[in-house]
Amino acid sequence: MSIALTGAEIDQFRRLGYVVKEGVYSAAAMQPIKDSLTGIIHREALELQERGELDDVFADEPFETRLAEIRFANPAACEHIYRAIMGRGGGGFHGPPMLAFLRHAPLLSCIEGLIGSDIIGSSVYRIRPKIPQWDHGEVPWHQDSGYLLAHCDVYLIVTCWVPLVDVNVDNGCLHVLPGVQKGGILQHYTGGHAGYLEVPAGELPGVQPVPLEMRAGDVLFMTNMTPHASFANATRMVRWSLDLRYQGSDAPTNVGEEPESYTPEREPVTMACYPPEADFVIRDDRHPEREVVDPSEFQALRKKYDRTRAFSPGRGWTPLAERRG
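Heads up: the sequence shown is residues 154 to 478, going by the working numbering.
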């Protein structure tokens with residue numbers, strides 16, 4: 154099935170910095186990654202139970218509530234499982250369902266309408282389990298470019314935010330500031346809420362935030378300059394979502410480079426937008442052999458950067474937002 158953004162939807166994306174496309178992922182398309190995440194939860198919960206650190210693994214709870222129930226019963230166990238899911242930074246899961254999710258044909262049809270037919274998978278994809286009663290799940294106002302190097306401000310990097318469950322204000326849907334992306338980068342500060350980068354509320358443009366309530370499988374498309382935030386989850390379920398990022402072939406990338414080449418001495422303008430993680434080719438019309446379609450190749454590429462981390466925050470690389478804040 155081919156799903157493409159309409160002309161009106163592309164126009165909204167360009168005017169307001171975001172658009173929601175309904176039904177991009179079917180329930181069947183989302184199930185493999187939900188099963189993989191459930192598998193991680195079950196494995197880690199059983200290990201904790203065997204060590205006497207968790208009484209109940211809540212095996213009968215569905216995907217939407219299981220991690221939340223563990224949280225209510227044992228916050229420390231929940232945080233352990235959360236770290237196992239997230240890996241380093243949130244992109245630690247790179248099993249076959251992750252590549253399939255990134256290469257989902259209806260999503261790529263939409264992306265093509267925004268950046269063209271040659272598509273690079275930006276390294277910074279993230280799994281987002283927003284757990285009830287946990288401050289770290291609340292993400293303050295920011296732009297994704299706040300985490301990228303400054304020379305990438307001029308390029309469009311599309312964020313695709315995909316809820317795996319229905320989302321609303323109560324469980325922590327995303328809020329956006331429409332039209333603000335046209336003004337470029339805002340001042341970001343380190344040490345914001347829960348340790349995130351943050352644009353303080355008092356320094357945001359005077360634009361009414363828009364809460365985006367969505368169904369599972371819908372996709373929110375945003376620019377890298379679109380301010381967004383999410384707030385507390387006041388329910389007894391986990392607000393599961395993924396954010397995926399794509400860029401055109403004109404934007405800086407580390408495809409074909411070794412992670413060891415990213416050193417503190419290297420000029421930032423020669424670097425990928427986010428050096429510590431691997432970019433990968435999703436589509437290349439002229440050289441399809443460059444496309445990463447094999448899950449084992451994808452996993453090896455991700456692990457190579459995870460293992461090396463030769464150029465990461467705190468070891469010579471200063472993120473754009475830290476230089477500005």
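Beta carbons: idealized from backbone N, C-alpha and C, even for Gly. Bear in mind the structure is a predicted one, so any value in this text is a computation, not a measurement.
- prompt: Between the C-alpha atoms of Arg204 and Met183, what's the straight-line distance to the nearest angstrom?
  reply: 32 Å
task: Quick one: residues in its chain with C-beta nearer than 6 Å to the C-beta of Pro358, no 5 flanking neighbours on either side, listed in chain order?
output: Val333
- request: Starting from the Cα of Leu267, find the closest Cα among Gly348, Arg443 and Cys313 and give me that residue.
  value: Cys313
- prompt: Any contact of the region 372 to 390 with the region 194 to 203, i.e. 3+ C-beta pairs under 8 Å?
  reply: no
Start-to-end residues for the beta strand (DSSP E) that takes in Phe166: No beta strand (DSSP E) holds Phe166; the alpha helix (DSSP H) holding it covers Gly160 to Leu169.
task: Kindly confirm or deny that the region 411 to 429 and the region 439 to 447 touch, where touching means at least three C-beta pairs closer than 8 Å.
output: no
- prompt: Between Pro380 and the rest of its own chain, which residues show a CB-CB distance below 6 Å, the 5 nearest in sequence each way excluded?
  reply: Trp294, Gln296, Leu330 and Val333
query: Under the three-state reduction of DSSP, which class applies to Tyr300: helix, strand or coil?
result: helix
- request: Would you kindly check if the distance between the Cβ of Leu158 and the Cβ of Ile194 is under 8 Å?
  value: no
task: Report the option in Phe451, Trp393, Lys456 and Glu232 whose CA atom is closest to the CA atom of Met367.
output: Trp393
message: Between the alpha carbons of Pro362 and Ile156, how many angstroms are there, rounded?
response: 28 Å
message: Output needed for Asp319: all residues of its chain with C-beta closer than 6 Å, excluding positions within five of it in sequence on either side, in chain order.
response: Arg368 and Ala369
- prompt: CB Arg281 to CB Asp396, shorter than 8 Å?
  reply: yes
Complete beta strand (DSSP E) runs within the region 426 to 451 (minimum length 3 residues, chain order): 433 to 436
- request: Return the chain-ordered list of same chain residues with a C-beta closer than 7 Å to the C-beta of Ala237, the five sequence neighbours on each side being excluded.
  value: Ile193 and Glu197
- request: Using DSSP bridges, identify the partner residues of Gln400.
  value: Ile273 and Ile310
query: Taking just the CA atoms, how far does Ser402 sit from Ile273?
result: 6 Å
Cβ contact check for the region 399 to 416 and the region 301 to 315: 3 or more pairs under 8 Å: yes
Whole-angstrom distance between Asp432 and Phe166, CA atom to CA atom: 24 Å
- prompt: Quick one: Cα of Leu169 to Cα of Ala161, how far?
  reply: 12 Å
message: Please classify Glu217 as buried or exposed, where buried requires at least 16 other C-beta atoms within 10 Å of its C-beta.
response: buried
- prompt: Would DSSP call Met183 helix, strand or coil?
  reply: helix
task: Please go through the same chain and pick out, in chain order, the residues whose beta-carbon is closer than 7 Å to the beta-carbon of Thr388, but skip the five residues on each side of it.
output: Pro285, Asp323 and Asn324
Residues that Tyr342 bridges to, as DSSP identifies them: Glu351
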